[in-house]
Amino acid sequence: MHTKIRVGGVPEHFNLPWHLAIEQGRFAEHNLDVEWIDFAGGTGQMCKALTEQTADVCVMLTEGAVAHICKHQQFKIISKYVNSPLIWGVHTAHENALQLYKEVYDKKYAISRFGSGSHLMAIVDAYSKGKQLDKQQFHVIQNLNGALESLEKRQTDVFYWEKYTTKPYVDQKKLRRIGEYATPWPCFVIAVKNEFLQEHTSALKRLLKVIHRSAYNFMHYPGAVEKIEKRYGLKRHDVEDWFHSTEWSTTPYLGEKTIKNVLFALSRAAVIEKTEQPKSFFYHKLFD
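For the sequence shown, this note's numbering gives the first residue as -13, with consecutive numbering after it.
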């Protein structure tokens, strides 16, 4: 009997190995019926989906997963997904008078949701530069389209989002990138709702086996750059830069030191009030 698994993630090029595995029938070969759900609202929206059980598994930003687990303990990380850091573009509207990255910290921020990467990384970035952001500076815009509208109307001034996803809008002069911030840890993890984890351990082991193999094949596929270019409408040189600076994980293990690094940054930036033991964030029984 096939196990139905609803997997969510952002509609971005990072998740192409999932789509290829679904389209090529790789999950079905292991008695898995995987349904992909796009969450344009990012990690904050995915945390909500796992909590409300409208998704079973989500591919989300590491810092968002750790922050939510620290506060609510409603799901666990079962694997790394992308080893390399995320490069956040710091954007403003093309016609906004804001010019310098160092001048953003007293401005209005567009965020997809509280607890999302666009929210958390803005705080962490500010704190790393000796600045502190106030909750009143944040304006929830739901997704990238909401950010474009908000920035254009001058409701907000600053927007953090993955730099290659927003690059077409920079080229079209709908956005202007004034800075970059690299996440100081592996950027994406795979998280599972606690109840689903307990009930479907065997299916999740098979799921990880398939996606790790798909990621490996994708990294070694000679036509990967061309496929991404066509599928996501990105320019060839941008895809080449991104693809050759990105490494997907082919093993599940996420080191305790990585989680400690995230906890330290979130705690220091006052995103979380307490820190748990790193082992409480990661479910090891899938591969012990």
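Ideal Cβ placement from N, Cα and C applies to all residues, glycine included.
Between which two residues does the alpha helix (DSSP H) harbouring residue i extend?
i, result
"residue 210", "210 to 218"
"residue 188", "187 to 205"
"residue 6", "2 to 9"
"residue 95", "Element bounds for residue 95: not the alpha helix (DSSP H) but the beta strand (DSSP E), 95 to 97."
Cα separation between residue i and residue j?
i, j, result
"residue 129", "residue 224", "22 Å"
"residue 255", "residue -7", "31 Å"
"residue 156", "residue 231", "20 Å"
"residue 95", "residue 16", "44 Å"
"residue 237", "residue 83", "46 Å"
"residue 263", "residue 270", "14 Å"
"residue 85", "residue 117", "18 Å"
"residue 266", "residue 257", "18 Å"
"residue 19", "residue 41", "13 Å"
"residue 138", "residue -10", "42 Å"
"residue 58", "residue 13", "31 Å"
"residue 140", "residue 218", "28 Å"
Since residue i and residue j are thought to touch, with beta carbons under 8 Å apart, how far apart are those beta carbons, to the nearest angstrom?
i, j, result
"residue 30", "residue 100", "7 Å"
"residue 143", "residue 88", "Residue 143 to residue 88, Cβ: 14 Å. No contact."
"residue 259", "residue 148", "Wrong, their Cβ atoms sit about 28 Å apart, outside the cutoff."
"residue 177", "residue 62", "7 Å"
"residue 187", "residue 272", "7 Å"
"residue 49", "residue 106", "5 Å"
"residue 194", "residue 64", "7 Å"
Looking only at its own chain, which residues have a Cβ that is under 8 Å from the Cβ of residue i, when we skip the five neighbours before and after it?
i, result
"residue 211", "222, 225, 226, 229"
Cutting at 7 Å between CB atoms, please list the residues of its own chain near residue i, excluding the five before and the five after it.
i, result
"residue 159", "80"
"residue 3", "197, 200, 201, 204, 234"
Going by DSSP, what residue range makes up the beta strand (DSSP E) through residue i?
i, result
"residue 137", "Counting along the chain, residue 137 falls outside any beta strand (DSSP E), though it belongs to the alpha helix (DSSP H) covering 130 to 138."
"residue -8", "-11 to -5"
"residue 282", "In the structure as shown, the chain begins at -13 and stops at 274. Residue 282 is therefore absent and cannot be evaluated."
"residue 250", "Residue 250 -> not in any beta strand (DSSP E); alpha helix (DSSP H) instead, spanning 242 to 254."
"residue 63", "61 to 68"
Skipping 5 residues on each side, what residues in its chain have a beta carbon closer than 6 Å to that of residue i?
i, result
"residue 127", "96, 133, 136"
"residue 32", "-6, 25, 44, 46"
"residue 91", "112, 117"
"residue 214", "-1, 225"
"residue 37", "60"
Is there contact between the stretch 66 to 85 and the stretch 157 to 173, where contact requires at least three CB pairs shorter than 8 Å? yes
So, do the stretch 0 to 9 and the stretch 200 to 211 have three or more beta carbon pairs nearer to each other than 8 Å? yes
Should the stretch 107 to 124 be regarded as contacting the stretch 51 to 67, the criterion being three or more beta carbon pairs within less than 8 Å? no
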